[in-house]
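In UniProt numbering, the protein residues as written are 1 to 243.
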């Protein structure tokens, strides 16, 4: 596995490294499989095809699926597409205003219907929409849900959002899922936290093993006796396990 892009002693992004690591493991197990956008009749068909092409442990543990519904503004036709996911990238705010965030609010913002100013041609009436109403929902839930908090903003200037994000030990994402999705409850299993600013800092992590929480700071591992995993203001990546 080639890790030249993550050089020793240089500041790197934990989320970027995580996705790179998962991708490299997949390629080692099943080879390079370029994702192709295809049309499917329903979410289950799309999921079955994806699983058949990616029969590996990364898919088994971390992969899920989202459906994107686009509404034609002329004929009102609804077009649906399906995409596999390994994580959800949750923006803390469109325009950063300092405040306290709740994870549930971040999810609400991510999954809300929005008007996208991007040209889109309707398959039914062939009308080219200059903008489109689009809504996404989860159609397959992963065994392990990875939530990436986008703490960096470019407006009005490049900076890190340092405000606290509160997150629960038990998370239910039912309201963001399709009606036929059964397993929507998760329990907190790990947190990666970033201390510092945009151009530098330090990562620590929290993880649960056999009902005990541990704090990882480089090579120093201690028990998390004060439940810091629930109150760390630098939470950057949050891991949940399906119940």
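All C-beta atoms, glycine included, are put in the ideal place defined by N, C-alpha and C. Small disclaimer: the values here were computed from a predicted structure and weren't measured.
message = Taking the alpha-carbon of residue 22 as reference, which of 234, 60, 215 has the nearest alpha-carbon?
response = 60
query = Are the Cβ atoms of residue 144 and residue 103 separated by less than 8 Å?
reply = For residue 144 and residue 103, no; Cβs fall outside 8 Å.
In DSSP terms, what residue 137 is bridged to = 67
inquiry  = With the cut-off set at 8 Å, would you say residue 235 and residue 165 are in Cβ contact?
reply    = yes
request  = Please classify residue 175: is it buried, with 16 or more other beta-carbons within 10 angstroms of its beta-carbon, or exposed?
outcome  = exposed
ask   = Relative to the ligand ZN, is the shortest distance from any of its heavy atoms to the C-beta of residue 168 smaller than 7 Å?
value = The ligand content of the structure shown is nil, which means the ligand ZN is not present either.
query = Who are the Cβ neighbours of residue 192 in its own chain at under 7 Å, not counting the five residues just before and after it?
reply = 14, 203, 205, 236, 237
For residue 201 and residue 216, the rounded distance between their alpha carbons = 15 Å
ask   = Is the distance from the Cβ of residue 148 to the Cβ of residue 90 below 8 Å?
value = A contact, by the Cβ cut-off of 8 Å.
DSSP three-state assignment for residue 161, whether helix, strand or coil = coil
inquiry  = Contact defined as beta carbons within less than 8 Å: I believe residue 187 pairs with residue 243. What is the distance between those atoms, to the nearest angstrom?
reply    = 6 Å
query = Beta-carbon separation of residue 141 and residue 81 under 8 Å?
reply = no
task = Confirm, please, whether the CB-CB distance from residue 239 to residue 189 is below 8 Å.
result = Yes, they are a contact pair.
query = When DSSP labels each residue in this structure, what does residue 147 get in the three-state scheme?
reply = strand
task = Using DSSP bridges, identify the partner residues of residue 91.
result = 150
inquiry  = Suppose the cutoff is 7 Å on Cβ atoms and the five residues either side in sequence are ignored; what does the same chain contact list for residue 150 look like?
reply    = 89, 90, 91, 92
key: Burial state of residue 55 (16 or more Cβ within 10 Å)   = exposed
query = What are the start and end residues of the alpha helix (DSSP H) that includes residue 62?
reply = 57-62
key: residue 17 - DSSP class collapsed to helix/strand/coil   = Assignment of residue 17 by DSSP, reduced to helix, strand and coil, places it in the helix class.
ask   = Ordered along the chain, which non-local residues of its own chain (more than five positions away) have a Cβ less than 8 Å from that of residue 181?
value = 138, 139, 140, 141, 174
ask   = Out of 77, 220, 45, 197, which has the shortest C-alpha to C-alpha gap to residue 66?
value = With respect to the C-alpha of residue 66, the residue from 77, 220, 45, 197 having the closest C-alpha is 45.
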